[in-house]
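Participant: Heads up, the sequence shown is in UniProt numbering, so the first residue is 1 and it goes up one at a time.
Ideal Cβ placement from N, Cα and C applies to all residues, glycine included.
Just dropping this structure here.
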Amino acid sequence: MLVHLVGFALIVLVPALLFSAYLIVQFSQQQQEIAAAQVNDTAEIVSNAVDREIYGLLTSGRVLAASPTLVDDRLGQFHDRTEAALAGTATTAELVDSNMTVRVDTRESFPSAAERFGDEALVQKVLETQQPSISGVSFREKRGEFVYQVALPIRNGARVNYVLILSKATTSFEAVIADRNLPSRWSAIIKDGAGKQVFAAVTSDGRTRARQISYDNPSIIEAIGNAGMGNDLIRASTVSNLSGWTTTVAVPSAVIGKPVMRSWLLLVAVGALLLAFSVALGITFGRRLADPILKLSQQAEKIGRGDPATMIATDIAEVAQVSKVLAQASRERREAEEQNRFLMREMSHRAKNQYALIAAIARRAANESADTTQFLATLSEALNSLARSADLLSSGGWHSVSMIELVKTQLQAFKSGNEQILHDGPAISLNATAAQTIGLALHELATNAAKYGALSGPEGQVAITWTCDEKLTLSWRESGGPPVTPPRHSGFGTLVTQKMTARGLGGSVAMDYATTGVVWILTAPLDAVVPHQEAAEGHDAGGQSD
1 MLVHLVGFAL
11 IVLVPALLFS
21 AYLIVQFSQQ
31 QQEIAAAQVN
41 DTAEIVSNAV
51 DREIYGLLTS
61 GRVLAASPTL
71 VDDRLGQFHD
81 RTEAALAGTA
91 TTAELVDSNM
101 TVRVDTRESF
111 PSAAERFGDE
121 ALVQKVLETQ
131 QPSISGVSFR
141 EKRGEFVYQV
151 ALPIRNGARV
161 NYVLILSKAT
171 TSFEAVIADR
181 NLPSRWSAII
191 KDGAGKQVFA
201 AVTSDGRTRA
211 RQISYDNPSI
221 IEAIGNAGMG
231 NDLIRASTVS
241 NLSGWTTTVA
251 VPSAVIGKPV
261 MRSWLLLVAV
271 GALLLAFSVA
281 LGITFGRRLA
291 DPILKLSQQA
301 EKIGRGDPAT
311 MIATDIAEVA
321 QVSKVLAQAS
331 RERREAEEQN
341 RFLMREMSHR
351 AKNQYALIAA
361 IARRAANESA
371 DTTQFLATLS
381 EALNSLARSA
391 DLLSSGGWHS
401 VSMIELVKTQ
411 LQAFKSGNEQ
421 ILHDGPAISL
431 NATAAQTIGL
441 ALHELATNAA
451 KYGALSGPEG
461 QVAITWTCDE
471 KLTLSWRESG
481 GPPVTPPRHS
491 GFGTLVTQKM
501 TARGLGGSVA
511 MDYATTGVVW
521 ILTAPLDAVV
531 PHQEAAEGHD
541 AGGQSD
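Given below as structure tokens:
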């Protein structure tokens with residue numbers, strides 16, 4: 001009888017142990033696949049975050065390069081304004097002429113010592129291509145640290161008179177990588193196009209720490225150091241299209257394998273205990289184990305097929321706990337798949353809207369342009385305006401942007417004096433369509449004012465005001481500029497400021513070419529300009545007040 005009981009115990013126990021081993025093997029494979037995908041995604045995320053940091057520096061450089069003080073060589077004023085603009089950003093600026101001489105240096109008082117700029121190849125590249133350029137990492141002795149630089153041309157007509165160099169320490173990337181919240185013992189290394197170390201970091205105890213490694217051609221194994229636990233790594237690299245830098249993220253395979261090893265040890269220990277316990281009470285507990293284990297297997301199979309897997313009812317705590325974890329995993333998987341589908345639909349919708357708007361602008365610009373040069377210039381200005389509006393919308397999740405921020409962003413490049421452009425109005429949020437349409441109109445009005453109107457001289461002034469009750473009323477009034485004469489024919493600017501704006505928002509536009517200055521007034525329904533939720537709340541509030 002004892003032999004039969006032991007045999008029955010083995011018959012009951014072995015399938016359960018084999019099934020558990022099967023789950024562990026599947027878990028191990030999934031862990032490796034998930035880890036590889038996570039490493040690849042993390043490398044792209046870190047690379048994109050670094051690109052955003054560099055792009056922000058480029059954007060700052062473009063704003064500084066557009067300063068009117070550079071047109072007539074008011075370098076002292078440019079020094080003071082640039083120094084104030086970069087205060088607190090750990091960024092320095094240098095203005096280099098075509099002879100490689102540093103004319104302005106924000107680290108020194110103006111005028112600075114006439115020294116030659118150290119990276120002449122970077123300056124020469126910008127002078128030849130007349131395009132912005134991003135350097136690799138280099139050691140600046142005056143700063144006593146490694147830095148990277150962005151260089152932008154300062155054009156005067158078809159010539160490049162100066163090159164603006166913005167420098168920032170590579171240690172600034174520590175906060176960028178720390179914000180990514182890398183798991184423990186994950187490492188990241190960034191190398192420039194020449195294979196020199198830009199930044200390296202390794203996580204431990206939940207914190208990201210900078211790593212001191214070789215400057216020339218370092219390896220990810222060197223970055224991991226003693227935390228590497230061997231050279232068997234799961235790694236992925238991404239090359240930035242913006243800077244040409246390579247971002248590599250890695251994690252030791254042993255870190256991923258630890259949970260699997262613990263599972264194997266747990267399986268062996270539990271198997272031995274169950275074997276001893278089953279020999280004594282095989283018949284009693286055999287039937288109690290068979291049914292819930294079978295249901296657990298069915299639950300795992302449902303998860304594998306992607307079907308809903310609910311928690312099974314059992315009085316065996318271990319099986320119930322595993323079933324609970326599997327049921328939770330099933331719910332999380334379905335929720336993640338639904339969220340992914342929603343995000344893909346939303347991204348597709350946003351992309352289609354952007355493509356449609358750009359196509360419409362291109363067609364209009366082509367119809368209104370006399371030649372290819374004019375078409376390209378018109379289209380470039382319109383796309384730059386849309387890009388600025390898109391930057392604002394992306395920071396708000398493409399839901400809304402405030403009118404004040406839109407006005408400031410679109411007119412930032414046209415401010416030649418603190419008092420020339422005034423704006424006043426209540427706080428109001430604009431939806432994506434209204435933000436892009438109004439932003440394009442404001443940019444076109446400012447461009448015309450800078451060429452022919454109030455912003456073409458130091459005495460001119462533009463007043464932008466808006467009111468918001470049942471409708472949005474936005475006005476643009478110029479004064480103090482040269483006498484205004486109505487245009488002889490309607491061009492792309494008239495099309496944008498009047499027809500496209502009115503049609504796009506379902507409102508009306510009044511344009512008055514008064515001698516004292518252009519007056520432009522937009523009137524649009526509130527439903528067409530504010531986000532749908534805010535518009536609905538506004539209607540509800542209006543109904544209650546009645």
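Would you list the one or two residues that DSSP bridges to PHE139?
Facilitator: Its beta-bridge partners are PHE146.
Participant: In the DSSP assignment, find the unbroken alpha helix (DSSP H) run with MET403 in it and report its ends.
Facilitator: 403-411
Participant: Tell me the residue span of the beta strand (DSSP E) that contains ARG207.
Facilitator: 207-210
Participant: Is it the case that the segment 87-101 contacts the segment 130-138, given that we only count it when at least three CB pairs across the two stretches are under 8 Å?
Facilitator: no
Participant: If you draw a straight line from the C-alpha of ALA524 to the C-alpha of GLU53, how long is it?
Facilitator: 38 Å
Participant: Work out the CA separation of LEU296 and LEU57 for me, nearest whole Å.
Facilitator: 55 Å
Participant: Could you compute how far the alpha carbon of GLY195 sits from the alpha carbon of GLU115?
Facilitator: 29 Å
Participant: Looking only at its own chain, which residues have a Cβ that is under 7 Å from the Cβ of LEU442, when we skip the five neighbours before and after it?
Facilitator: Setting aside the 5 residues that flank it on each side, LEU442 is surrounded in the same chain by VAL407, GLN410, LEU411, each with a C-beta closer than 7 Å to its C-beta; the list follows chain order.
Participant: Can you have a look at residue 548 and say buried or exposed, based on whether 16 or more other CB atoms are within 10 angstroms of its CB?
Facilitator: Look at the range of the chain in this structure, 1 to 546, and you will see that residue 548 is not part of it.
Participant: Between the segment 424-444 and the segment 499-515, are three or more C-beta pairs nearer than 8 Å?
Facilitator: yes
Participant: If you draw a straight line from the C-alpha of VAL529 to the C-alpha of PRO426, how long is it?
Facilitator: Taking the straight line from one Cα to the other gives about 14 Å.
Participant: Does VAL12 pass the burial test, meaning 16 or more other C-beta atoms within 10 Å, or should it be called exposed?
Facilitator: buried
Participant: Give the straight-line distance between the Cα atoms of ALA35 and LEU233, rounded to the nearest whole angstrom.
Facilitator: 11 Å
Participant: Could you give the first and the last residue of the continuous beta strand (DSSP E) run that contains ILE428?
Facilitator: Per DSSP, ILE428 belongs to no beta strand (DSSP E) and is neither H nor E.
Participant: How long is the line joining the alpha carbons of THR208 and ALA178, rounded to whole angstroms?
Facilitator: 6 Å
Participant: Looking at the ligand FAD, does it come within less than 6 Å of ALA178, judged from the CB to the closest heavy atom?
Facilitator: The ligand FAD is not among the ligands present in this structure, which contains no ligands whatsoever.
Participant: Would you call the segment 32-46 in contact with the segment 243-257, where contact means no fewer than 3 C-beta pairs closer than 8 Å?
Facilitator: yes
Participant: Is GLY195 helix, strand or coil when you go by DSSP?
Facilitator: coil
Participant: Look at GLY76 and PHE117 and say whether their C-beta atoms are less than 7 Å apart.
Facilitator: no
Participant: Could you tell me if PRO218 is buried or exposed, where buried requires 16 or more neighbouring beta carbons within 10 angstroms of its beta carbon?
Facilitator: Flag for PRO218 reads buried.
Participant: Using the beta-carbon count (16 or more within 10 Å), is ASP72 buried or exposed?
Facilitator: exposed
Participant: So which of ALA300, ALA309, ARG477, ASP291 has the shortest CA-CA distance to ASP315?
Facilitator: The option with the nearest alpha carbon to ASP315 is ASP291.
Participant: Starting from LYS451, follow the alpha helix (DSSP H) in both directions and report where the run begins and ends.
Facilitator: 432-451
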